[in-house]
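Residues in the sequence shown are numbered from 16 upward in steps of one, following the working numbering. Idealized CB from N, CA, C, for every residue including glycine.
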Amino acid sequence: MKKQNDIWIGTDQLNADPDYVAQQKAEFVDDPAQTAIEATENPRLEASRRDFLKYLGFGISAATIAACDIPVRRAVPYVVKPDTIVPGVATYFASTFVQGGDYCPVVVKTREGRPIKIEGNQYCGMTEGGTSARAQASVLSMYDTSRFDGPYRVVEGQVEVDRQVYENNPSWAEIDAELAGKMKAGAQVRIVSHTEMSPSKLAAVAEFKAKYPNTKHVQYDPVSASALLDANREYFGTRAIPSYRFDEAEIIVGIDCDFLGTWISPIEYAKQYAAGRRVLEGRSMSHHVQIESTMSLTGSNADNRIVIKPSHRGQVIAALASALGAGGSGGQLPADVSSKVNALAAKLRGANGKALVVSGSNNLAEQVLVNAINERLGSYGSTIDTNRWSMQRKGSDQDLATLVADLEGGRVDALIVFDGANPAYDTPYASRIVAALPQVDLRISLSGTPNETSALCNYIAPAHHYLESWSDVEAKQGHISVVQPAIQPIFASVGRHGTRQEAASLLVWAGSENYNAEAEQPMYDYLQQQWQSAFAAQGEYSTFQAFWDASLHDGIITLPATGSISSADGEASGTYRSDLAASQTSRVGQPAGEGQEVTFFETVNQGNGVYANNPWLQEMPDPVQRTAWGNYLSIPVSWEEGATEFSAYQGLNEEEYKGKADIVDLAIGDMTVQATAVRQFGLKADTFAIAVGYGRQLTGMAGRALGEGVGVNVYPMLPVDGQGYVQYHAVNANVSGSVDVEEEFASVQYHHSMGLTARDEEGVLYYNNETGDTEKIAGELTDEQKKYLEPFNVDEHTIMAFGSGMQGGLTDRSIIFQGDNNDLQGLKAEIADFRSHANHLNDQTLYPFEEYKETIYDQGHWWAMHVDLNACIGCGACEVACVAENNVPVVGKYEVWRHHEMKWMRIDRYFYGDYENPRAVYQPMMCQHCDNAPCENVCPVNASNHSNEGLNQMAYNRCIGTRYCANNCPYKVRRFNWLDYTTADLFASNEPTINNEELPFGADNLTRMVLNPDVTVRSRGVIEKCSFCAQRLQSGKLTAKMEGRRLRDSDVRPACQTACPTGAITFGDRNNPEGDVAKLIENPLNYRVLEEVNVQSSVFYAAKVRNGMEELEA
16 MKKQNDIWIG TDQLNADPDY VAQQKAEFVD DPAQTAIEAT ENPRLEASRR
66 DFLKYLGFGI SAATIAACDI PVRRAVPYVV KPDTIVPGVA TYFASTFVQG
116 GDYCPVVVKT REGRPIKIEG NQYCGMTEGG TSARAQASVL SMYDTSRFDG
166 PYRVVEGQVE VDRQVYENNP SWAEIDAELA GKMKAGAQVR IVSHTEMSPS
216 KLAAVAEFKA KYPNTKHVQY DPVSASALLD ANREYFGTRA IPSYRFDEAE
266 IIVGIDCDFL GTWISPIEYA KQYAAGRRVL EGRSMSHHVQ IESTMSLTGS
316 NADNRIVIKP SHRGQVIAAL ASALGAGGSG GQLPADVSSK VNALAAKLRG
366 ANGKALVVSG SNNLAEQVLV NAINERLGSY GSTIDTNRWS MQRKGSDQDL
416 ATLVADLEGG RVDALIVFDG ANPAYDTPYA SRIVAALPQV DLRISLSGTP
466 NETSALCNYI APAHHYLESW SDVEAKQGHI SVVQPAIQPI FASVGRHGTR
516 QEAASLLVWA GSENYNAEAE QPMYDYLQQQ WQSAFAAQGE YSTFQAFWDA
566 SLHDGIITLP ATGSISSADG EASGTYRSDL AASQTSRVGQ PAGEGQEVTF
616 FETVNQGNGV YANNPWLQEM PDPVQRTAWG NYLSIPVSWE EGATEFSAYQ
666 GLNEEEYKGK ADIVDLAIGD MTVQATAVRQ FGLKADTFAI AVGYGRQLTG
716 MAGRALGEGV GVNVYPMLPV DGQGYVQYHA VNANVSGSVD VEEEFASVQY
766 HHSMGLTARD EEGVLYYNNE TGDTEKIAGE LTDEQKKYLE PFNVDEHTIM
816 AFGSGMQGGL TDRSIIFQGD NNDLQGLKAE IADFRSHANH LNDQTLYPFE
866 EYKETIYDQG HWWAMHVDLN ACIGCGACEV ACVAENNVPV VGKYEVWRHH
916 EMKWMRIDRY FYGDYENPRA VYQPMMCQHC DNAPCENVCP VNASNHSNEG
966 LNQMAYNRCI GTRYCANNCP YKVRRFNWLD YTTADLFASN EPTINNEELP
1016 FGADNLTRMV LNPDVTVRSR GVIEKCSFCA QRLQSGKLTA KMEGRRLRDS
1066 DVRPACQTAC PTGAITFGDR NNPEGDVAKL IENPLNYRVL EEVNVQSSVF
1116 YAAKVRNGME ELEA
């Protein structure tokens, strides 16, 4: 184990790869694509004077012809303008994003009838206005060009007719008549869905069952919590998940449980978790220990992280239960892990009921033991609430296995598959389901988009998008949110047969008397009927209409737990079955010896694969691995004693900064896939990890990356244990060496880096000594040398030694500050010393900011942002929100590989501490809106300029694309439009292409409906960057002016701030002494990134603080 004080981003940096160091020294980064071309082709071009004149003449003629062909984009006015719409003014609707178990109450922003942006619903007590990346990107899914525009008959896996010739396709009346004739009263019908949380939809299922009594509703989850549900049924008598209260816990233990990223209710848990990390508010910090086999988003935020092999998880839980006297016996664990578990148990015993242990295991015995641990700790009634059961996971692995057996046995006459469910892809039984489906006579898919299962059905009855629907969601007992449409169903309004809600289809086929298909809004009427029971359970409103209107306005109602309009499976017994724990030790997972093991996990952005065709999510990098457009096999890195660099598994080649790596064979049993191997910290030797949810074959263009596929499908590799539970690790894995193929993969961690630790090609570290001279460091740093290593200041010696590309060889200490909760005063003193020294340097400048700021800003607004690194978990919600709000284009995998991604906000991930099990910190990085902005001085046309409110502005129509500003930006946050990614240019011949393929993202007229009309759509050759959401600033000013009052900070919240589930971002006016920003930036834990450069940035960061246990660090 080797520790060091540097902060790093990857192994290429730590190994001081000569090519990487040379790139960092260079003033300009080589284009990887151009480098590859030059390696195989002769770039010399020879032409005679005659040929040159011919080419020139042809070029002028082609340009002239192209200039005459300007595409027409018509702006069509309203014939009769709706009363609720004022052109140019946004309208908002409360609704709920729901996809399987994913849940987020939202407020939908519409412009001229088009939903364009998702905001969180502040009235929701679960999420408190927070959102996720998936919720933010859901608005783009409505404009998915691959959506079905009406019902279809399918023949041999293909739509029967060309979808463009719609007149030849059946109407809904024809489809309904055909299905009525084929579905017999005694038919064995199976309805298949992911977790279903809608009471009204479940009521429709019940009515369908009444008409067809042999119907069974099978719910499953691709990433299952079935064992947790069944353990709770055994322990409490209720097959449901309790409400976890992370905000009440002083000690949190997660065991292979990514509760901040993907587990059960991550938005809710993130909000609660952040409440225990508010050091700036003077609160005591919670202590978080994560025990896991691969570095998850949650693990990367933990105070202490214990790394285990996947097969050791069960023994860890048994050992912890034994140490706490909660049943079971000590596990068979390595000595280092065993000692840490015992130390953790001692800490938990002293928590006095303020502890919480959660596990993502899908092993029944392990979950029963976790329940026993929490009971022993006194967590029930304190950090676990069993009065309101969660409905966010309901799937049953056993029901899924029974369905497969019934299909194979020919015991199913009709199969109805709900939207989102895709059992021919997202289950380990996919191949068996594909083989058995032809035995089912009637197969109906309600999917709104093509998928692997819909292609095997003989009818497609596509469902609405949730933004076109009337529905409801009960995520917890008594906590009910409304789903209301923000737009009329798109395809029905443009002369197509259109889509129809799933519940409506079931009610029509059931011949329901409660559903009037001839009504103007039949699902609206049906929903009102269903909500009569909710009205009866509340006491606030005297009339149903008042209750209904308030529900639509707020989007949320909260009833007493007993007033739930749907119930958990069973009733809580009131007594616990702690006697169950004693018999569980022998049934937990057993260690697998010294062989290779693989962990399968779900990513924050792509989830289980249902979002595969959403390019916003595909281009969002995985927070930990920092890769996009695919799933990659994480391979361990190791530091051998006495070594000078990290070694990769089996000598595999991986150069992350170049975006190149070897492809390997991953074999489990008789199944093998080829995956790109990428090095990852925090894995045990011979332990690997790869994400599910990739490798889709039947989806839209984004999900197939222009036909080449995005990642590999590993669902078929998931093992099933003896009790029928799907497991998310495999012990019989075999990862072979390279298959002699090098893959170009989209990794962004080395893109736009701001200058790293000052090492040369030989890995030698430099520092500034007490006289200001640059010296090499031989051996370990002395305490005296460390003083001068932090910070490594800009001076002539530094620039000569490292080149201007290193940003003067600045150390990471001027980028990230971190410390321990036990030594907050020391951290504050360190930051104060740094800032004092930086300000001393800045006083020598030719730009005396303090002398002129009073005349510029004191008379008006002075906008600033504060980012609390202690609250930021790196989830990416802000990143996707910025894309949606500001029309940021998607460029595709190839352009990301070329360093051409266009994100205005990136979330940098840094490591520090132990090389083999490092700690991580996330830093949102956007334009810093510097008051001494270096980008402004070098622009030859004044396109980059400064406002009298402290904003660094861009005049797009002035920009001529010199990119001087991007080269001169120390934060590397400016983006250049290398291609016409959004078809903003006028000439048809200038429409975008990538790799000679048509770019499908943002170029289609349907997809362009998501664009924000308040933000300019940039064209090719233009620089762009974060604007602090200037359009929202203007909107807030107009609102304050119309209301005759002063502008408040709450009037101007940028997209990143409103999206954040943890409240890590705060925006406001520094000149408002009562505002949050003005108060926050005075905290001694705050600093500016690269403050010593004297750019006077307007973004302040609060240092990362951890509350670690020394006993768990060894």
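Asked: Can you check whether the CB of Ile266 is closer than 8 angstroms to the CB of Ala341?; Found: no
Asked: Between the Cα of Asn1122 and the Cα atoms of Gln689, Asp835, Gln234, which residue gives the shortest distance?; Found: Asp835
Asked: Could you tell me if Thr687 is buried or exposed, where buried requires 16 or more neighbouring beta carbons within 10 angstroms of its beta carbon?; Found: exposed
Asked: Are at least three pairs of beta-carbons, each pair with one atom in the region 600–612 and one in the region 99–111, less than 8 angstroms apart?; Found: no
Asked: Could you give the DSSP three-state label for Glu1013: helix, strand or coil?; Found: Low local confidence applies: a pLDDT of 48 at Glu1013 is under 50, so the model's placement there is unreliable, with the coordinate-based value given in what follows. Of the three classes helix, strand and coil, the one that applies to Glu1013 here is strand, per DSSP.
Asked: Please classify Leu567 as buried or exposed, where buried requires at least 16 other C-beta atoms within 10 Å of its C-beta.; Found: exposed
Asked: I want to check one thing, is the minimum distance from the CB of Ala219 to the heavy atoms of the ligand ZN below 7 angstroms?; Found: Because no ligand of any kind appears in the structure shown, any question about the ligand ZN cannot be addressed here.
Asked: How far does the alpha helix (DSSP H) with Lys15 in it extend, from its first residue to its last?; Found: A query on residue 15 cannot be resolved here, the shown segment of the chain reaching from 16 to 1129 and no further.
Asked: So, is Gly145 buried or exposed, given that buried needs 16 or more other C-beta atoms within 10 angstroms?; Found: buried
Asked: So for Asn1086, helix, strand or coil by DSSP?; Found: coil
Asked: Let me know if Lys286 comes out buried or exposed under the rule of 16 or more other beta-carbons within 10 Å of its beta-carbon.; Found: buried
Asked: Any idea what DSSP makes of Ile922, helix, strand or coil?; Found: strand
Asked: Residue range of the beta strand (DSSP E) that Asn967 falls in?; Found: 967–969
Asked: Measure the alpha-carbon distance for Tyr1116 versus Arg921 and round it to whole angstroms.; Found: 15 angstroms
Asked: Excluding sequence positions up to five away, which residues of its chain have a Cβ less than 6 angstroms from the Cβ of Gly657?; Found: For Gly657, the predicted structure reports a pLDDT of 42, less than 50, and the residue's modelled location is therefore unreliable. A value from the coordinates is still provided. Here the set comprises nothing.
Asked: DSSP state of Glu307, grouped into three classes?; Found: strand
Asked: Over the uninterrupted beta strand (DSSP E) stretch that includes Cys472, give me the two end residues.; Found: Premise fails: Cys472 is in no beta strand (DSSP E) and is neither H nor E.
Asked: Between the beta-carbon of Asn932 and the beta-carbon of Lys1119, is there less than 8 angstroms?; Found: no
Asked: Contact check, Val763 vs Glu916 under 8 angstroms by CB: the rounded distance?; Found: 6 angstroms
Asked: Examine the Cβ distances between the region 370–387 and the region 347–361 and report whether three or more of them are shorter than 8 angstroms.; Found: no
Asked: State the DSSP-derived secondary structure class of Arg1103, mapped to helix, strand or coil.; Found: coil
Asked: How would you call His881, buried or exposed, if buried means at least 16 neighbouring beta carbons within 10 angstroms?; Found: buried
Asked: Kindly indicate the opening and closing residues of the beta strand (DSSP E) around Lys1094.; Found: Note, Lys1094: premise wrong, no beta strand (DSSP E); alpha helix (DSSP H) at 1091–1095.
Asked: Does Ala255 come out as helix, strand or coil in the three-state DSSP assignment?; Found: coil
Asked: My understanding is that Phe433 touches Ile206, with C-beta atoms under 8 angstroms, so please give their C-beta distance in whole angstroms.; Found: 7 angstroms
Asked: Does the region 512–519 come close enough to the region 474–491 to have 3 or more Cβ pairs within less than 8 angstroms?; Found: yes
Asked: Using DSSP bridges, identify the partner residues of Tyr395.; Found: Ile399
Asked: So with Cβ pairs under 8 angstroms, would you call Pro281 a contact of chain B?; Found: Looking at the structure shown, chain B is missing, and only one protein chain is on hand.
Asked: Taking His744 as the reference, give the member of Leu839, Tyr709, Gly329, Val94 with the closest Cα.; Found: Gly329
Asked: For Asn1086 and Met940, what's the separation of their Cα atoms in angstroms?; Found: 23 angstroms
Asked: Within 10 Å of its beta-carbon, does Val498 have 16 or more other beta-carbons around it, so buried, or fewer, so exposed?; Found: buried
Asked: What would DSSP say about Asn629, mapped onto helix, strand or coil?; Found: coil
Asked: Does DSSP put Val356 in a helix, a strand or coil?; Found: helix
Asked: In this structure, what does DSSP give as the bridge partners for Asn960?; Found: Gln968
Asked: Pick from Ile502, Asn646, Asn901: whose alpha carbon is nearest that of Arg694?; Found: Asn646
Asked: Grouping DSSP H, G and I as helix and E and B as strand, with all else coil, what is Ala240?; Found: coil
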